[in-house]
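The sequence shown begins at 9 in my numbering and counts up by one. Ideal Cβ placement from N, Cα and C applies to all residues, glycine included.
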Amino acid sequence: MATLNTEQIVLATLNQQRLEATIQLFMQNNYALGCVQELWDIHYRMQFIHGIHTKYPNSITAPPVVTNCTAGCTSPELDRIVQCLGAENCLILDSLEVFTCFISHCRSVHDSLSHSCKSCLGIQTGFNIDEKLSKCAGFSDESSTNECVYLFCGESDVVLFSQLPFVAADYLHFESSPIVDVTVAYGQIVFNNQSIHAFCTHLSADLPLVNNQPENLAQVQQLVQYVRSKVPAGQLAIIMGDFNNGPAIASANIEAQWAQNYNILSSTFNDVYVTSNNLPLCTTCSENPLNGLENRDHNRIIDHIFVNKPSSGPGFCLQSSSRWADQRVVVQGEESYPVSDHYGVQASFCLS
9 MATLNTEQIV LATLNQQRLE ATIQLFMQNN YALGCVQELW DIHYRMQFIH
59 GIHTKYPNSI TAPPVVTNCT AGCTSPELDR IVQCLGAENC LILDSLEVFT
109 CFISHCRSVH DSLSHSCKSC LGIQTGFNID EKLSKCAGFS DESSTNECVY
159 LFCGESDVVL FSQLPFVAAD YLHFESSPIV DVTVAYGQIV FNNQSIHAFC
209 THLSADLPLV NNQPENLAQV QQLVQYVRSK VPAGQLAIIM GDFNNGPAIA
259 SANIEAQWAQ NYNILSSTFN DVYVTSNNLP LCTTCSENPL NGLENRDHNR
309 IIDHIFVNKP SSGPGFCLQS SSRWADQRVV VQGEESYPVS DHYGVQASFC
359 LS
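And the structure:
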């Protein structure tokens, strides 16, 4: 099985190439279960699901938490955006960095925008800033579009998929996220007459000027309860995704990210990648050139595959676990990139 955050937000001009390469990576491997995150744009999400369908015909993704969202920006909103972009010298940057500059340096303008405008800017993930503004223009009344209370019009970003059919499927919208729809997708498969309960999620991230640690903690606690509610005693569970928290491992040059949140997960479940490697490699890394575009200079492990610890009955016997999707397979001009600013984690198990 494998998990990967596809990062389909900031690095707009590489989205299509990276998505196609991500599909290829999964098709070249033979996973029983997979989990991807940050496919907020429904068109990219459906392209991914369609692209892997011949090998992974079964997939689960949550419906949007908001279904009546009409997204767009008024002319005054667009004027405020352009004025701040110019004042902060964002417009002279490479198109990959302009939107990040806006979020970082025009926070007061960003926060003053209607939910509809922010949602529209978020949805247009495959375009540079000029195209974003053009596609979001045309609204005349901010009050008529305030139904949009989430970015990306409430779309979920996670996909859980499998070669085997799901005999049960569900999803949970976390209650603790007021900005984006943070969800967990759930599916049950049967392998060798054993039920395996799979969960795929993406918890709230550490963002500039925003302290999301309490929000991430609330999601961790809700996730643990959700897993317990779905998995009968003695049955197996796999919990995968980008948890945006992780341990410090000094010997491997790994920095902690909200370690107190991670400790709740690691004390409840077994983190197979971290515990099976003496010197595990980072999943968000300073040497990743896509992280360089986002000015990240840390080495952390925030992408995980957890399994539960049944007190009785069958269990998982780990065969191997490693970092993956770390090759530079996307070429643009003279530069080459991996498929994401995250590297993935994969694991192979037998049943004992």
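| Item | Value |
| --- | --- |
| Taking the beta strand (DSSP E) that residue 27 falls in, what are its first and last residues? | Residue 27 -> not in any beta strand (DSSP E); alpha helix (DSSP H) instead, spanning 23 to 36. |
| Taking only the alpha-carbon atoms, compute the straight-line gap between residue 67 and residue 169 and give it to the nearest angstrom. | 4 angstroms |
| Contact check, residue 73 vs residue 93 under 8 angstroms by CB: the rounded distance? | With 8 angstroms as the limit, residue 73 and residue 93 do not qualify as a contact, their Cβ atoms being about 30 angstroms apart. |
| For residue 208 and residue 43, I'd like the C-alpha separation in whole angstroms. | 6 angstroms |
| Restricting to Cα atoms, I'd like to know which of 16, 351 and 243 is closest to residue 50. | 16 |
| For a quick check, are the C-beta atoms of residue 235 and residue 247 less than 8 angstroms apart? | yes |
| Taking C-beta to C-beta, are residue 46 and residue 165 nearer than 8 angstroms? | yes |
| Indicate the three-state DSSP secondary structure (helix, strand or coil) for residue 164 in the structure shown. | coil |
| With DSSP collapsed to three states, give me the class of residue 80. | coil |
| Give me the Cα-Cα distance between residue 287 and residue 293, rounded to the nearest whole angstrom. | 14 angstroms |
| Based on the DSSP secondary-structure assignment, which residues constitute the bridge partners of residue 180? | 192 |
| Output yes or no for whether 8 angstroms exceeds the beta carbon distance between residue 298 and residue 348. | yes |
| Please report the straight-line C-alpha distance between residue 206 and residue 145, rounded to a whole angstrom. | 41 angstroms |
| Rounding to the nearest angstrom, what Cα-Cα distance links residue 326 and residue 96 in this structure? | 51 angstroms |
| Buried or exposed, going by whether 16 or more other CB atoms sit within 10 Å of the CB of residue 14? | buried |
| Exposed or buried, residue 371, counting other C-beta atoms within 10 Å across all chains shown (16 or more means buried)? | Missing from the structure shown is residue 371; the chain here goes from 9 to 360 and no further. |
| Mind checking who residue 9 pairs with in its DSSP beta bridge? | For residue 9, which the question treats as bridged, DSSP gives no partner whatsoever. |
| Grouping DSSP H, G and I as helix and E and B as strand, with all else coil, what is residue 46? | coil |
| I'd like to check one pair, residue 33 with residue 260: are the Cβ atoms closer than 8 angstroms? | no |
| The beta strand (DSSP E) that contains residue 331, what's its start and end? | 324 to 332 |
| Name, in chain order, the residues that DSSP records as bridge partners for residue 355. | 329 |
| Are the Cβ atoms of residue 289 and residue 336 separated by less than 8 angstroms? | no |
| Looking at residue 230 and residue 184, is the spacing between their C-beta atoms short of 8 angstroms? | yes |
| For residue 4, I'd like the list of residues in its chain whose CB is within less than 7 angstroms of its CB, leaving aside the five on either flank, ordered along the chain. | As displayed, the chain neither begins before 9 nor continues past 360, which places residue 4 out of reach and without an answer. |
| Taking the beta strand (DSSP E) that residue 312 falls in, what are its first and last residues? | 311 to 315 |
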